[in-house]
Amino acid sequence: MHPICAIFKKEFSLLAKGSAEMMMPLLFSVIVVSLFPLGVGPGPDTLQLIGPGVIWVAALLSALLGLEHLFRDDFQDGTLEQYLLSPASLTMMLMTRLFCHWLFVIVPLILISPLLALFLNLTLNMYWALLCTLLVGTPLLSLVGAIAVALTLSINKGGVLLAVLLLPVFIPLLIFATAAINNAALQLTWYGQLGIIGAMLIFALALCPYAISYAIKVSHH
Amino acid sequence: MWKWLHPYAKTEATYKLAGQLAPWFLLVGAFALLIGTLWGLLFAPADYQQGDAFRIIYLHVPSAILSMGFYSGMAVCAFIGLVWQVRTCYMAIVSIAPIGACLTFIALWTGATWGKPMWGTWWVWDARLTSELILLFLYFGVMALYASFQDKLQGGKAAAVMALVGVINLPIIHFSVEWWNTLHQGATITKFAKPSMAPEMLWPLLLNIVALAILCAGLVCRRLQNEIFLREIRRPWVIKMVKKAGVK
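Laid out in structure tokens, this is it:
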């Protein structure tokens, strides 16, 4: 069996076993979003105003939470070392791993986004913008996040450090994504902002795979 | 040029070079900074609109320019370190990061102080201010990452990768005043156009930029020496040097 297929199969069977870890980020984001109407008051206008930002911040934080487990188990049980020894391309294997992670951890988050939009009283127009920015923006989160995750593997206190490293890097994405949704709220076009996020994604797609595999090698130093 | 640069991959040569350069840099930088600041604060004419309050420019602009300049310097070191596996470059990264963070903090602080009388507020979430704040966080990230590694060589490599990831922020800061309509004014000094500033105000500013750069370069040299010393403390040349200095 081709190594890439093998990785796919392993991830699918892990999912079939029903790992609670995968559900955590989803649950986390729903709870975070539902705290806001309680915290700032349930006025529909206020919620609509802060909605895009809240959903995106919740998405950032839960992506961060999910990323922590991206390579950690594989690092500890030596799977990553086997990847390094394998004759197949390390970059491709890691990308497959990352794609599976995005598919199983982040996509559920996108699927639940109608509910979050409903909670925060977003209009349909805003929701389409939210959906598009999430679809284009979250792979970017995973790609850039994976670099920092791979770098912090050999340190035990990864969690907080990961947030310190990654959240500043994610700020431009947050700005463009919420700008797109706010434009949609005002019935303006938002394809420009979406285009910039898309450009960032393509740029990351070109460079991040190499940075991630280098970072994995550094961690096995 | 490579032949000339190659010896500095050895920590001992870099230590000596930094030791030779640091006193000159510190002396010249401090002296020029003193002159430039006094010139700017006492002798340059007051602005017709902002009065004397504009004089904070003599601290704000140099530190802001250099906060980005030192980040680029750090990124160049990171790139060289990763491509050619030069250990000294990793040490340079960790020597530059805290100084760059200080410069960024000074730029933010003086900017806030300047913003209060001019804009009526300490802080606005304007593109340039926000991106400068991100720069501060990026410096902190590099420092925190390096500090959390036991193996300093591995930590240096990790910090180098992270420094390179953060480079994407530099063009955002630089062009933020052109890309977005912001409260922060556009660039006063550009390479190509005639500066939009009277020459008697401009000269002390230019002097201060150069002076602060030299002073901070001197500080980086001292920090680099310290870093090399601590990391190579078991090497024969360090032990020999310490013995020669007469310390037990």
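Sequences listed follow chains A and B, in order.
Numbering follows this note's numbering, with no gaps: position 134 of the first sequence is 134.
Numbering follows this note's numbering, with no gaps: position 29 of the second sequence is 29.
For every residue, glycine included, the Cβ atom is placed at its ideal position computed from N, Cα and C.
Run of the alpha helix (DSSP H) containing residue i, from where it starts to where it stops
i      : result
B/K116 : R87 to W119
B/Q150 : Segment: none, B/Q150 is in no alpha helix (DSSP H) and carries neither H nor E.
A/Q193 : Y191 to S219
B/R222 : P199 to R231
B/A46  : First-last for B/A46: undefined, no H or E at that position.
A/S86  : Neither: A/S86 is in no alpha helix (DSSP H) and is coded neither H nor E.
B/I239 : P236 to K244
B/W84  : I57 to W84
A/L94  : L90 to H101
Secondary structure of residue i, DSSP reduced to three states
i      : result
A/G78  : coil
B/D264 : Residue 264 of chain B is absent from the structure shown; chain B starts at 1 and stops at 248.
B/G51  : strand
A/K17  : coil
A/T290 : With chain A running from 1 to 221 in the structure shown, residue 290 of chain A is simply not present.
B/P7   : helix
A/Q48  : helix
A/T152 : coil
B/I35  : helix
A/P42  : coil
A/R72  : helix
B/Q185 : coil
A/M1   : coil
B/V165 : helix
B/Q20  : helix
A/L186 : coil
Expected contact under 8 Å - CB spacing of residue i and residue j to nearest Å
i      : j      : result
A/A59  : A/L109 : 6 Å
A/M149 : A/F71  : For clarity, residue 149 of chain A is Val in the given sequence; the question names Met instead. Right, the Cβ-Cβ distance comes to about 6 Å (below 8 Å), so this counts as a contact.
A/C100 : A/V144 : With a Cβ gap of about 18 Å, A/C100 and A/V144 do not count as contacting.
B/L21  : B/C216 : About 13 Å; that fails the 8 Å criterion.
A/A204 : A/M126 : Not a contact, Cβ separation roughly 26 Å.
A/F119 : A/E11  : A/F119 to A/E11, Cβ: 30 Å. No contact.
B/W122 : B/A107 : In fact, because the Cβ distance is near 14 Å, the residues do not count as touching under 8 Å.
B/Y8   : B/L205 : With a Cβ gap of about 33 Å, B/Y8 and B/L205 do not count as contacting.
B/G73  : B/I96  : 6 Å
B/G36  : B/A211 : 5 Å
Residue environment, residue i, which counts as buried when at least 16 other CB atoms sit within 10 Å
i      : result
B/D52  : exposed
A/R97  : buried
A/M23  : exposed
A/T5   : It should be pointed out that residue 5 of chain A corresponds to Cys in this sequence rather than to Thr. Classification of A/C5: exposed, given that the 10 Å Cβ count is below 16.
B/G141 : buried
B/D151 : exposed
A/F36  : buried
A/L26  : buried
A/Q82  : exposed
B/K157 : buried
B/H6   : exposed
B/Q225 : buried
A/I202 : exposed
B/F70  : buried
A/Y210 : exposed
B/I134 : buried
B/Y48  : exposed
B/Y146 : buried
A/S86  : exposed
B/W125 : exposed
A/L116 : buried
B/A78  : buried
B/T110 : buried
B/L136 : buried
A/G137 : buried
B/E132 : buried
B/I31  : One point to set straight first is that residue 31 of chain B is Phe, not Ile, in the sequence displayed. Under this definition B/F31 is an exposed residue.
B/Y139 : buried
*Of the residues that make up the region 134-158 of chain A, which ones have a beta carbon closer than 8 Å to any beta carbon in chain B?*
Legend: CB atoms of the region 134-158 of chain A lying less than 8 Å from CB atoms of chain B belong to residues V144, I147, A148, L151, T152, S154, I155 and K157.
*Selection of the region 161-174 of chain B by Cβ proximity to chain A, strictly under 9 Å*: V161, M162, L164, V165, G166, I168, N169 and I172
*Interface positions of the region 51-85 of chain A facing chain B (Cβ-Cβ less than 7 Å), listed along the chain*: none
_Residues in the region 75-95 of chain B having any Cβ partner in chain A nearer than 7 Å_ = none
*Mind listing which residues of the region 127-146 of chain B have their C-beta closer than 9 Å to chain A's C-betas, in chain order?*
A127, T130, S131, L133, I134, L135, L136, F137, L138, F140, G141, V142, A144 and L145
*Scan the region 172-187 of chain A for residues whose Cβ lies nearer than 9 Å to a Cβ of chain B and list them as they occur along the chain.*
P172 and I175
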